[in-house]
Each structure stands twice: as C-alpha cells, then as structure tokens.
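>
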Amino acid sequence: MEKHFRVPIADAIRRKSPFARLLEHMEKVKECMDVVREGLIRYYNGEYEGFSEVAEKVSKLEHEADLIKGNIRAHLPRTILMPVDKGQFLWLL
431 MEKHFRVPIA
441 DAIRRKSPFA
451 RLLEHMEKVK
461 ECMDVVREGL
471 IRYYNGEYEG
481 FSEVAEKVSK
491 LEHEADLIKG
501 NIRAHLPRTI
511 LMPVDKGQFL
521 WLL
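Take the sequence shown: its letters are residues 431 to 523, numbered as in the numbering used here.
1) Looking at L523 and K499, is the spacing between their C-beta atoms short of 8 Å?
2) If I'm right that E483 touches K458 with Cβ under 8 Å, what's the distance once you round it to whole angstroms?
3) Kindly indicate which three-state DSSP category Y478 falls into: helix, strand or coil?
4) Beta carbon of F481, beta carbon of Y474: below 8 Å?
5) Can you look up M512 in the DSSP assignment and give me helix, strand or coil?
6) Skipping 5 residues on each side, what residues in its chain have a beta carbon closer than 8 Å to that of E454?
7) If the criterion is Cβ atoms closer than 8 Å, does the pair N501 and R467 meet it?
8) Using a Cβ-Cβ cut-off of 8 Å (strictly less than) and excluding sequence neighbours within five positions of K516, which residues of its own chain qualify?
9) Would DSSP call P507 helix, strand or coil?
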C-alpha cells in the first residue's frame with residue numbers, strides 16, 4: 431500500500447496571494463480617510479449637521495477594513511517563504 435505525503439509546495443501553488451487582500455485593505459483605509467477628510471473640512475467650516483452620519487460611515491468603513499485585516503492574518507501562509515519578510519508585511523497592515 432502506497433502512502434501519499436502532503437506536499438507543502440502544492441498548497442503554496444493553490445493558495446491565493448495575500449497581496450491582493452492587502453491592496454483591498456489599503457483601498458478601504460483610503461476610502462475611510464477620504465470620508466474623515468471630508469468630515470473634518472465640513473466641521474471646520476461650521477457644517478455640524480450630518481456629522482454623526484459621517485462618524486457612522488467612518489466606523490462602518492473601519493470595521494470593514496478590520497474584517498479584511500483579520501482575514502489576511504487568518505490566511506497568511508505559515509510554512510512557506512514569502513517574497514517579503516512576514517513581519518514587514520504585517521507591519522503594512
């Protein structure tokens with residue numbers, strides 16, 4: 431009876447790159463910062479009405495970015511080499 435060994439490199443080939451998710455996270459953070467910027471400009475100009483909606487939108491976007499970040503960390507390859515240091519990759523998050 432033959433035994434089949436699990437080949438880690440095969441898992442590495444099938445795995446999706448974490449860099450696409452990192453870009454998705456960065457885009458979500460940029461979207462959030464755009465909302466923060468617009469909210470601060472309005473607040474500075476004395477437009478206080480609607481500021482709570484801006485705060486809620488920022489909170490929602492931050493939560494979405496946190497979900498993406500958690501997904502990246504949960505699915506980051508542990509046994510294979512990455513083209514960049516994992517510490518630096520996680521620092522970008």
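Glycine included, every Cβ here is placed at the ideal spot set by N, Cα and C.
With the structure as the only source:
1) As a working note, residue 499 is residue 69 in the sequence shown. As a working note, residue 523 is residue 93 in the sequence shown. Between K499 and L523, the gap from beta carbon to beta carbon is short of 8 Å.
2) As a working mapping, residue 483 is identified with position 53 in the sequence shown. As a working mapping, residue 458 is identified with position 28 in the sequence shown. That pair is no contact at about 19 Å.
3) To locate residue 478, count along the sequence shown from 1; it is residue 48. Coil at Y478, not helix or strand.
4) Translated into positions along the sequence shown, residue 481 becomes position 51. Translated into positions along the sequence shown, residue 474 becomes position 44. No. Outside cutoff.
5) Working through the sequence shown from its first residue, we reach residue 512 at position 82. Coil.
6) To locate residue 454, count along the sequence shown from 1; it is residue 24. So the list reads I498, once near-sequence residues are dropped.
7) Residue mapping note: residue 501 aligns to position 71 of the sequence shown, counting from 1. Residue mapping note: residue 467 aligns to position 37 of the sequence shown, counting from 1. Going by C-beta atoms, N501 is not nearer than 8 Å to R467.
8) Translated into the one-based positions of the sequence shown, residue 516 becomes position 86. Within the same chain, K516 has close Cβ partners L506.
9) Numbered from 1 along the sequence shown, position 77 holds the residue referred to as residue 507. Reduced to three states, the DSSP call for P507 is coil.
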